[in-house]
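Residue 692 in the numbering used here sits at position 146 of the sequence shown; the count goes up by one each step and never skips. Here the structure comes first, spelled out in structure tokens, and everything after it is commentary.
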Amino acid sequence: MSSDLPIEILEANTDDIRIITEIAFPAWEATYLKIVSQEQFDFMYNDMYSDESLRKQFSEGHRFFILYEKKIPAAFLSFVPVENIIRIPKLYVHPSHQKKGLGKILLDKVEEICKGKYEAIELNVNRYNPARFFYEKLGFKIISEIDVPIGKYFMNDYIVRKEI
């Protein structure tokens, strides 16, 4: 990772939904079409990234942050407090911006915001997603396996956790 990248992280609002989906769709394609069928991909993506779904997530207290590299939207993350932990439902880096440490920069931002207020950060990562090794490298530990029902489909996930 280059530490001299011109990076800016801004908190998003519902006006930024288009930017979020412009990062999410290619990141999802690059990741999930290797793991699930096109039919399951389409269902899950539409379920989680429709305008209505994202607006609902904002209204339920999910905070979204967009990372800009050289003023170009490159990655985003969302998090929400759940009791004494922070859950990260979404962390995606556009494929053309991957392998630069941008995901780590976003996770560091969440940790900075939440340290001292919450015990840990948790998230789900698909058991077949290579990103699980990224999380392990950053100190996340697998605490359980879960099969998450999404419509008539399932996502086979690990729940990973990092104490903060």
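Think of the CB as a built atom: it goes at the ideal place given N, C-alpha and C, for glycine as much as any other residue. Computed from a prediction, not measured in an experiment: that's the story for all the values here.
Alpha helix (DSSP H) segment containing residue i, residue limits
| i | result |
| --- | --- |
| residue 566 | 563-578 |
| residue 614 | Counting along the chain, residue 614 falls outside any alpha helix (DSSP H), though it belongs to the beta strand (DSSP E) covering 609-615. |
| residue 659 | 648-660 |
| residue 602 | 597-605 |
Residue range of the unbroken beta strand (DSSP E) whose run includes residue i
| i | result |
| --- | --- |
| residue 628 | 618-628 |
| residue 674 | From DSSP, residue 674 is part of no beta strand (DSSP E); its letter is neither H nor E. |
| residue 686 | Premise fails: residue 686 is in no beta strand (DSSP E) and is neither H nor E. |
| residue 554 | 553-557 |
| residue 635 | 631-639 |
| residue 705 | 699-709 |
Chain-order list of residues whose beta-carbon lies under 8 angstroms from that of residue i (same chain, five-residue window excluded)
| i | result |
| --- | --- |
| residue 608 | 624, 625, 626 and 635 |
| residue 703 | 670, 671, 672, 673, 691, 692, 693 and 694 |
| residue 684 | 650, 653 and 708 |
| residue 585 | none |
| residue 593 | 599, 696 and 697 |
Pairwise C-alpha distance: residue j and residue i
| i | j | result |
| --- | --- | --- |
| residue 570 | residue 662 | 30 angstroms |
| residue 691 | residue 639 | 24 angstroms |
| residue 699 | residue 633 | 22 angstroms |
| residue 605 | residue 559 | 10 angstroms |
| residue 705 | residue 680 | 14 angstroms |
| residue 687 | residue 667 | 11 angstroms |
| residue 646 | residue 659 | 22 angstroms |
| residue 600 | residue 563 | 7 angstroms |
| residue 657 | residue 689 | 19 angstroms |
| residue 682 | residue 665 | 18 angstroms |
| residue 549 | residue 618 | In this prediction, residue 549 has a pLDDT of 49, which is less than 50 and means its spatial position is unreliable; what the coordinates show is noted afterwards. When rounded, the distance between both Cα atoms is 17 angstroms. |
| residue 547 | residue 595 | The predicted position of residue 547 is uncertain, since its pLDDT is 45 and thus under 50; a value taken from the coordinates is nonetheless stated next. Using only the alpha carbons, I get a separation of about 29 angstroms. |
| residue 602 | residue 637 | 18 angstroms |
| residue 628 | residue 710 | 15 angstroms |
Chain-order list of residues whose beta-carbon lies under 7 angstroms from that of residue i (same chain, five-residue window excluded)
| i | result |
| --- | --- |
| residue 711 | What the structure shows of the chain is the stretch from 547 to 710, and residue 711 is not part of that stretch, so it cannot be assessed. |
| residue 643 | 615, 620 and 621 |
| residue 597 | 563 |
| residue 583 | none |
Integer-rounded CB distance, given that residue j should sit under 8 angstroms from residue i
| i | j | result |
| --- | --- | --- |
| residue 577 | residue 675 | 6 angstroms |
| residue 652 | residue 581 | Contact flag wrong, Cβ pair sits at about 22 angstroms. |
Cut-off 6 angstroms between Cβ atoms - residues of its own chain near residue i, not counting five sequence neighbours on either side
| i | result |
| --- | --- |
| residue 552 | 616 |
| residue 591 | 574 |
| residue 557 | 611 |
| residue 696 | 590 |
| residue 613 | 555, 620, 621, 648 and 652 |
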